[in-house]
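Single-structure report; data block below.
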């Protein structure tokens, strides 16, 4: 079950290049960009005529602008799915440190590894942080061994036991945010056709029914029914992917928290509702709550750590890792502020069998 947190942050402020909070934006977003991003965040598969009507511009103008942003890798509309409902995972957050942990060769190896969904270089007790999604828990050790085989690194793993809110759902104009408070999620069995269409939507959430049908050798009406079923059963949802820096944010960091187990639901619910929270997991390991946070300025970090993290019920300790660079987000390779190719596992993206 998901509950909705009502928390509105001024999207126009965060992406306005003249806003005092946004002086370090690395690219300029004009009023059309801002309106387009807002519309796509509301409904990522909305037809171009509807988007054009809503923002008061021509269909051709709106479409060309999106295609330009997408071609430059500034914006992606992607499908997202909870791998645990498909019988995969669980994911694990992994801290790497050691002589090779910041070597370009190691970061590239991690970035292109199909089981790595997220990767950033960090400052703190680890040199980089990765999210690894195995096909099964038993395969996690094999993946970790493969990643570290040729490099002098040490790792510490935190297996995700519950996702309260995901970075795939985050955008600063969120008027509502789904927070998962259900302990158990219902696993689903997808047909081969459903797996195939799901994999294509993970690449491109705006893929047309015609293009999906051509790629899957199915009729457009069949594809439409499959897509509607995937959305109705909440197997797939859409995410507008854009780097926080493009929206004017300077500070991104992770916090690894140790919370008294009896206070964990209370602390997690409180933190998940905070507008700065991008991702929040319950984990197994030396800490039991891991979150990613995004703030307008680096100077905001101190107040957040002392007034927000320090005030959490049952908090016993906290460790912070500052992000210095992002190399992969939701399977998409990142260079600077733009997205490149997708590097994900065949069993998720290519509609392969779930046999493990």
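Numbering (UniProt numbering), first residue to last: 1 to 356. Note that beta-carbon positions come from the ideal geometry of N, C-alpha and C, so glycine has one too. Given the structure is predicted, the values throughout are model-derived calculations rather than measurements.
- When DSSP states are grouped into helix, strand and coil, residue 317 belongs to the strand group.
- Looking only at 165, 115, 32 and 193, the smallest Cα-Cα distance to residue 68 is reached by 32.
- Per the C-alpha coordinates, the member of 331, 286, 276 and 332 positioned closest to residue 305 is 276.
- Take the alpha-carbon of residue 56 and the one of residue 142: they are about 53 Å apart.
- Short of 6 Å from the beta carbon of residue 347, and not among the five residues preceding or following it, lie these beta carbons of its own chain, in chain order: 135.
- Residue burial is scored here from C-beta neighbours: residue 283 has at least 16 other C-beta atoms within 10 angstroms and is therefore classed as buried.
- Separation of residue 104 and residue 127 (C-alpha to C-alpha, rounded to the nearest whole angstrom) is 12 Å.
- If you draw a straight line from the Cα of residue 90 to the Cα of residue 59, it is about 42 Å long.
- Its chain contains 200 and 201 as the residues whose beta carbon lies nearer than 7 Å to that of residue 207, once the 5 sequence neighbours on both sides are disregarded; these appear in chain order.
- Here residue 295 is near residue 249, since their CB atoms are less than 8 Å apart.
- Taking a 10 Å sphere around the C-beta of residue 310, we find fewer than 16 other C-beta atoms and assign the residue as exposed.
- Note that the C-beta distance between residue 255 and residue 318 is below 8 Å.
- DSSP places residue 69 in the uninterrupted alpha helix (DSSP H) bounded by 59 to 71.
- Residue 209 carries a helical assignment under DSSP once its states are collapsed to helix, strand and coil.
- One alpha carbon belongs to residue 156, the other to residue 148, and they sit about 12 Å apart.
- Nearest neighbour of residue 70 by Cα position, chosen from 308, 313 and 243, turns out to be 243.
- Counting other Cβ atoms within 10 Å of its Cβ, residue 328 reaches 16 or more and is therefore classed as buried.
- A Cβ-Cβ contact shorter than 8 Å links residue 235 with residue 81.
- A direct Cα-to-Cα measurement between residue 114 and residue 343 gives close to 5 Å.
- In the three-state reduction of the DSSP assignment, residue 74 falls in the coil class, being assigned neither a helical nor a strand state.
- Ranked by Cα distance from residue 230, the options 64, 188 and 279 are led by 188.
- Closest option to residue 302, judged by alpha-carbon separation, among 325, 42, 210 and 321: 321.
- Burial of residue 239 is indicated by the presence of at least 16 other C-beta atoms within 10 angstroms of its C-beta.
- Out of 46, 36 and 73, the CA that lies nearest to the CA of residue 61 is found in 36.
- Using a Cβ distance threshold of 8 Å, residue 252 and residue 158 do not count as a contacting pair.
- For residue 95, the pairing in a beta bridge is given by DSSP as 129 and 156.
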